[in-house]
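Here the working numbering runs 6 ahead of the position in the sequence shown, where the first position is 1.
Heads up, the thing below is written out as C-alpha cells.
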Amino acid sequence: MQRVTSPAVDAVDRLIHERIRLGIVSALAVNQQLSFSDLKKLLNTTDGNLSVHARKLELAGYIACKKYFDGRTPKTDYRLTPAGRQALERYLNHMEALIRAMRER
Numbered sequence: 007m008q009r010v011t012s013p014a015v016d017a018v019d020r021l022i023h024e025r026i027r028l029g030i031v032s033a034l035a036v037n038q039q040l041s042f043s044d045l046k047k048l049l050n051t052t053d054g055n056l057s058v059h060a061r062k063l064e065l066a067g068y069i070a071c072k073k074y075f076d077g078r079t080p081k082t083d084y085r086l087t088p089a090g091r092q093a094l095e096r097y098l099n100h101m102e103a104l105i106r107a108m109r110e111r
C-alpha cells in the first residue's frame with residue numbers, strides 16, 4: 007500500500023507532534039512552570055525519556071530549563087518560551103485545519 011501524503015500533513019511540526027513533547031508543551035502552556043518531577047508524573051514517563059524530549063524542545067528554543075539546588079537537592083524547572091507558545095499555537099491551528107479538511111470530505 008502506497009503512503010498518501012499531502013503538503014498539509016507533511017507540514018506538521020514533527021518536534022511538537024511526538025506524544026511526550028506535545029504533553030510537555032501543553033502542560034507548560036497552562037502552567038507558568040513545572041518541575042521535572044511534576045512533568046514526569048503528569049506524563050507518566052521515565053526520567054530518561056523526559057530528559058531526552060525536554061532537551062530537544064530546549065534546543066529548539068521552545069522551553070527554558072532552570073537548574074538549581076534546594077538545599078542539597080538538585081531541582082529542574084521548565085517553562086514555555088514565547089517561541090514555544092507560538093509553535094504550539096501554529097501546531098494547534100494546523101491540526102484544527104487538518105481535522106476540518108477531513109470532515110469536509
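A virtual CB, placed ideally from N, CA and C, is assigned to each residue, including glycine.
Just reading off the alpha helix (DSSP H) that residue i is part of, what are its end residues?
| i | result |
| --- | --- |
| Arg25 | Arg25 to Ala35 |
| Gln92 | Pro88 to Arg109 |
| Asp53 | Asp53 to Leu65 |
Tell me, which residues are paired with residue i by DSSP?
| i | result |
| --- | --- |
| Phe75 | Pro80 |
| Ser41 | Asp83 |
| Ile69 | Leu86 |
Do you know offhand how far residue i's Cα is from residue j's?
| i | j | result |
| --- | --- | --- |
| Phe42 | Thr82 | 6 Å |
| Gln8 | Leu63 | For Gln8, the predicted model reports a pLDDT of 49, less than 50, meaning its position is unreliable; a value from the coordinates is still stated below. Taking the straight line from one Cα to the other gives about 32 Å. |
| Asn55 | Cys71 | 16 Å |
| Gly90 | Leu40 | 15 Å |
| Glu95 | Pro80 | 32 Å |
| Leu86 | Asp44 | 15 Å |
| Asp53 | Lys46 | 7 Å |
Let me know if residue i comes out buried or exposed under the rule of 16 or more other beta-carbons within 10 Å of its beta-carbon.
| i | result |
| --- | --- |
| Ile105 | exposed |
| Arg109 | exposed |
| Tyr74 | exposed |
| Gly77 | exposed |
| Val18 | exposed |
| Ala93 | buried |
| Arg25 | exposed |
| Thr11 | Reliability fails at Thr11, whose pLDDT of 49 lies under 50, so the model's placement of it is uncertain and the value that follows must be treated cautiously. Exposed. |
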